[in-house]
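J.: Heads up: the sequence shown begins at 1 in the UniProt record's numbering, then just goes up one per residue. The structure under discussion is supplied below as structure tokens; questions concerning it will follow.
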Amino acid sequence: MSADALEFLKNKFLNDLREAEDEHLPHEIPFHSSFQEIRKLLQKRKITRSQDCMKDCLNQLNITLANCIISLENRKMQRKKDSWLGPCLLPALQFNCETRGKLLAIKKKLLSTSDESQAKSSLPAPSSWSCSSSLSIDQIPPEIDKQGEEIEHLLVGASDRDEGITRKIGIVGPGGSGKTLLARKIFATHLNDYRIWIDLPLKMREGGEDFKNILEAMLKPYSDEQHRDMNYKDYSEEELLEEVCKVLGSRKYLIVFDGICDINLEWYSRLEKRLGWDNVSKQDRNGIIIITTRLPGVAKRMVGSQNLYHMQPISNEANWKLLVSVPVDGKGVHLPEQNGFLQRMKNEIEDKCDGLPLAGMALANVMAQYIIGEEFNFEKLRLLMINPKDSPKLGEDLIISRRSIFQQFLVCDISEIASHRTFDDFYQVVSTPRLNFLQTPERILVFGGDATANRVLGALSDREDLPHPLVAMVPLGNEVNISVSLGWGKQVTETDYKPEILLRKLQNADEILIDRNAALPISIKIKDQGQWKKLDFPHSIKSIVCLNMPSFPGGLDPWGLPKQKKKQRRNFTASYVDDQLLEVIGFKDAWHGEDFLPLDTHGTRLAQVDRIQFELQKGEAKHVYMSFDGTKWKQPTPEDDDTYPIGISYSCATKMLATQTSKCKLRPSASKDETK
1 MSADALEFLK NKFLNDLREA EDEHLPHEIP FHSSFQEIRK LLQKRKITRS
51 QDCMKDCLNQ LNITLANCII SLENRKMQRK KDSWLGPCLL PALQFNCETR
101 GKLLAIKKKL LSTSDESQAK SSLPAPSSWS CSSSLSIDQI PPEIDKQGEE
151 IEHLLVGASD RDEGITRKIG IVGPGGSGKT LLARKIFATH LNDYRIWIDL
201 PLKMREGGED FKNILEAMLK PYSDEQHRDM NYKDYSEEEL LEEVCKVLGS
251 RKYLIVFDGI CDINLEWYSR LEKRLGWDNV SKQDRNGIII ITTRLPGVAK
301 RMVGSQNLYH MQPISNEANW KLLVSVPVDG KGVHLPEQNG FLQRMKNEIE
351 DKCDGLPLAG MALANVMAQY IIGEEFNFEK LRLLMINPKD SPKLGEDLII
401 SRRSIFQQFL VCDISEIASH RTFDDFYQVV STPRLNFLQT PERILVFGGD
451 ATANRVLGAL SDREDLPHPL VAMVPLGNEV NISVSLGWGK QVTETDYKPE
501 ILLRKLQNAD EILIDRNAAL PISIKIKDQG QWKKLDFPHS IKSIVCLNMP
551 SFPGGLDPWG LPKQKKKQRR NFTASYVDDQ LLEVIGFKDA WHGEDFLPLD
601 THGTRLAQVD RIQFELQKGE AKHVYMSFDG TKWKQPTPED DDTYPIGISY
651 SCATKMLATQ TSKCKLRPSA SKDETK
């Protein structure tokens, strides 16, 4: 971004803060002392072209100030007793620790790039894209766009009506009505003109310093590279006026005077007289003058009553569409229009906006903080995969509620389609230009049981050509041993599924590596420390459980904590999800038919190895009850002397997310580096 545009953003904040202090008592303005400190820092520094890092900082500063002023004005309005946006909610949403944190971060940023040199004039250099709104030209509401067409017709009519006179239009309206946005729209369409944008201070200073700055800005338009680098510092007012007359005399030009608040128009009268804007004999039909102001009387004196255009409030429906279309994270994430909370508040939100576009934009950021929470980083979340069949009622509710918060393509129902198809569809969507900020998926949030985890991890392991994201396994259903072992719990309540709780937990989760193929239905040769070993166990053992994590079934840790003697004699350790070991446990009566009985003991510890092989042999039993990650079946035993080998081993690791309550051996460091 050019230094001109950065200077504009800086002065926009300074001017808006002065205006707020004129309209309200200083102690009424939220965080006024913080804004004062930031103002002092900005007044001492000079913005240069090399300081592109200041763009986001200054944009955030202007948005924060606008939100504070709108909140202050809303608090002064009379509210209904049952108002959702009453005197308690907005302060709780906007003026909390996040808002204070924003201002502290901005101040820290300014201090880190501080420049103690004397600041330039309070007038910013012109920029074709400088504006009080964060909307881009293609996001302008249609109703404001239509008003821009009406102004263009007025300009044509003024040319026909007042032949030989510079065309002038005054845009009048209250704060937040879109005056600057409308002027910006017109400014952007006149690409071949000598364009000059001047953001005026609240009050012109005595001594002519501001007038000289206006003249200098008129000689350095955005569209003229020849004059942009000229130095007019030593020019007198008369010399500057003469230069302006020379430059504008033979050109087709457009000048925008934005934000006129001072009733002293001596500076404008001097320009008007010298440049002949009202002198028919000079035949100056090349110029277009646009002013924006909240003061109808000032506009009338400057452009005449016949050239005034009063901003019309946009409809409630248009303001609603604006609210759900404004990017709330600066990257392309919008408020979901079908969100239940927003729908319940729709009528009230529309009333509070009062036809002002800026109010809708400010409320969009407030609602985003309430619905999702400002702390969550959208770039960290890439995909939500839900298998509603693991818990039909809660699963369907989850899909509906998540799609009311995130874009629909981010919430995938994987109950009927293969997981790799979901990944294919996801990568295809994120490669589109409108979502190019979603480049490499970082985190996947999976709602389901162990069988669902197998499908997702299997799809990831098969896609070796693409980077593997981190996977968080949130419990849904009954068989949720992976979720339990990684600290996500065995049953999550509706409160836990709330975005502000779940997403914060996801963001704070640590990265670990766990055995991927041990959770997949594969058969391989099994040995313990490279040597075949026969496992002897008592005849009283009627069922055997082999685990690669300390959870089975539904949160029970059947391995338990081995006693010190057994630790020393058999080299047993506690069971961890990432220790690359398999725990083999025997039970006397764990099975009854196809049902696994509740266990109140840790069982008999048989072995703790990295590889194991089960061999089904011919015997009295015609079949063996088996369960693999929640999938149960009856496995027939051999009818002859053959054996059916079933092998399980540690193969490789996959990245998953674990909370602080997880049962992990190799915990990540404070910097959350990858644990191997």
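Yeah, the Cβ is synthetic: ideal placement off N, Cα and C, and Gly gets one too.
In the DSSP output, what is Gln613 paired with across the bridge?
T.: Gly647
J.: Counting only the same chain and skipping the five closest in sequence on each side, list residues whose C-beta sits under 7 Å from that of residue 679.
T.: An answer regarding residue 679 cannot be provided, because it is not within the stretch 1 to 676 covered by the chain.
J.: Quick one: Cα of Lys634 to Cα of Met656, how far?
T.: 32 Å
J.: Tyr194 bridges to which residues according to DSSP?
T.: The secondary-structure analysis by DSSP pairs Tyr194 across a beta bridge with Tyr253.
J.: On the DSSP bridge list, what partners appear for Asp258?
T.: Asp199
J.: Can you say whether Asn264 is buried or exposed, counting buried as having 16 or more other CB atoms within 10 angstroms of its CB?
T.: Answer is exposed; the Cβ neighbour count stays below 16.
J.: For Lys146, is the classification buried or exposed, using 16 other Cβ atoms within 10 angstroms of its Cβ as the cut-off for buried?
T.: exposed
J.: For Pro201, count neighbouring C-beta atoms within 10 Å of its own C-beta (all shown protein chains included) and say buried if the count is 16 or more, exposed if not.
T.: buried
J.: Going by DSSP, what residues sit across from Arg443 in a beta bridge?
T.: Leu470
J.: How about residue 697 and Lys212: are their beta carbons less than 7 Å apart?
T.: An answer regarding residue 697 cannot be provided, because it is not within the stretch 1 to 676 covered by the chain.
J.: Closer than 8 Å by C-beta to Asp16: which residues in its own chain qualify, once you throw out the five before and the five after it? Chain order, please.
T.: Asn62, Leu65, Ala66, Ile69, Ser132
J.: List the endpoints of the continuous alpha helix (DSSP H) containing Tyr268.
T.: 266-275
J.: Which residues in the same chain have their Cβ closer than 7 Å to the Cβ of Ile526, if we skip the five residues on either side of it in sequence?
T.: Note that Ile526 scores a pLDDT of 44, beneath 50, so its modelled location is shaky and nothing firm can be said.
J.: My understanding is that Gly170 touches Ile291, with C-beta atoms under 8 Å, so please give their C-beta distance in whole angstroms.
T.: 5 Å
J.: If you draw a straight line from the alpha carbon of Arg570 to that of Arg605, how long is it in whole angstroms?
T.: 10 Å
J.: Looking only at C-alpha atoms, which of Asp262, Ile444, Lys393, Val244 sits nearest to Val411?
T.: Ile444
J.: Classify Cys245 as buried or exposed, calling it buried when 16 or more other Cβ atoms lie within 10 Å of its own Cβ.
T.: Looking at its Cβ environment, which holds fewer than 16 other Cβ atoms inside 10 Å, Cys245 is exposed.
J.: If Val456 and Val471 are in contact, beta carbons under 8 Å, what's the gap, nearest whole angstrom?
T.: 7 Å
J.: From the DSSP output, in three-state form, read off Glu543 for me.
T.: The sequence shown places Ser at residue 543, rather than the Glu named in the question. Three-state result, Ser543: strand.
J.: How close, in whole Å, do the beta carbons of Leu181 and Pro357 come, if the pair is a contact with beta carbons under 8 Å?
T.: About 7 Å separates the CB atoms of Leu181 and Pro357; that is less than 8 Å, so the two are in contact.
J.: What are the boundary residues of the beta strand (DSSP E) that includes His32?
T.: His32 -> not in any beta strand (DSSP E); alpha helix (DSSP H) instead, spanning 32-43.
J.: Would you decide whether Ser112 is buried or exposed? Buried here means 16 or more other CB atoms lie within 10 Å of its CB.
T.: By the neighbour-count definition (other C-beta atoms within 10 Å, threshold 16), Ser112 is an exposed residue.
J.: So, helix, strand or coil for Gln580, using DSSP?
T.: coil
J.: Please look up how many angstroms separate the CB atoms of Ala318 and Glu143, rounded, as I've assumed it's under 8 Å.
T.: 5 Å
J.: Quick one: Cα of Thr573 to Cα of Leu476, how far?
T.: 30 Å
J.: Please report the distance separating the alpha-carbon of Arg516 from that of Phe587.
T.: Bear in mind that a pLDDT of 45 at Arg516, under 50, signals an unreliable position, so the number given afterwards is only what the model happens to contain. Between Arg516 and Phe587, the C-alpha separation is close to 26 Å.
J.: Identify the continuous alpha helix (DSSP H) that holds residue 719 and give its terminal residues.
T.: The shown model of the chain, from 1 to 676, leaves out residue 719, and the question about it has no answer.
J.: Tell me whether the beta-carbon of Leu666 lies closer than 7 Å to the beta-carbon of Asp578.
T.: Contact: yes.
J.: Using the C-alpha atoms, what's the distance from Gln660 back to Ile140?
T.: 46 Å
J.: Looking at the unbroken alpha helix (DSSP H) that takes in Lys168, where does it start and where does it end?
T.: No alpha helix (DSSP H) holds Lys168; the beta strand (DSSP E) holding it covers 167-172.
J.: If you run the structure through DSSP and keep just helix, strand and coil, what is Val411?
T.: strand
J.: Quick one, which of Pro550, Lys563, Leu271 has its alpha-carbon nearest Tyr576's?
T.: Pro550
J.: What is the DSSP secondary structure of Val624, counted as helix, strand or coil?
T.: strand
J.: At the level of alpha carbons, what is the spacing between Asp557 and Lys389?
T.: Their Cα atoms are separated by approximately 26 Å.
J.: Would you call the CB atoms of Met302 and Lys179 closer than 7 Å?
T.: no
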